[in-house]
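Asks: Heads up, the sequence shown is in my numbering, so the first residue is 7 and it goes up one at a time.
Cβ atoms here follow ideal geometry from the backbone N, Cα and C, with glycine treated the same way.
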Amino acid sequence: SYPTYVFVDRDHSVYVSDEENHRVMKWMEGAKQGIVVAGGQGQGNDLTQLSSPRGVVVDQLGTVYVADAGNNRIMRWPKGATQGSVIVGGNGSGEQSNQLNWPFGLSFDRHGNLYVVDWRNHRAQKFDMDSNA
């Protein structure tokens with residue numbers, strides 16, 4: 007286990023990205039054991055898998071957003087989903103606007119724009135999630 011990032015939601019549930027186990031875990035307030043909410047199917051690039059997850063953010067609906075660093079993509083996992091979807095990147099490692107190179111952190115602003123720390127490209131990118139640009 008190699009925890010890398012933590013997020014606490016408004017219900018005081020704690021989410022931790024676990025880089026070496028390629029998953030995101032959730033602990034509800036007072037829980038003794040966590041549950042897997044993203045990944046957990048070994049390292050890989052299938053929609054059920056993550057590779058070295060880093061940043062994690064959870065919205066008010068319980069949707070988990072993960073910086074899937076090893077796959078150069080940002081994944082969205084709706085609450086209770088067994089697989090995620092790629093919302094940014096996933097087009098190989100690179101410097102184009104639709105590519106990432108080891109994304110580390112992510113955050114949303116109040117307008118729903120997604121900001122991604124694109125570590126190996128030495129940049130931060132902003133994505134309008136309405137147009138996905």
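In the DSSP output, which residue or residues are listed as bridge partners for S91?
Replies: Note: S91 sits in a beta bridge opposite R82.
Asks: Using a Cβ-Cβ cut-off of 7 angstroms (strictly less than) and excluding sequence neighbours within five positions of R126, which residues of its own chain qualify?
Replies: Once the five neighbours on either side are set aside, the close Cβ partners of R126 are N107, W108.
Asks: Where does A44 sit, in a helix, a strand or coil, going by DSSP?
Replies: A44 falls in the strand class under three-state DSSP.
Asks: Taking 6 angstroms as the limit between beta carbons, can you name the residues of its chain near V89, skipping five residues before and five after?
Replies: In the sequence on display, residue 89 carries Gln and not Val. Taken in chain order, the residues that qualify are L53, T54.
Asks: Please return the same chain residues whose Cβ sits closer than 6 angstroms to the Cβ of I93, not counting the five positions on each side in sequence.
Replies: Hits under 6 angstroms: I80, R82.
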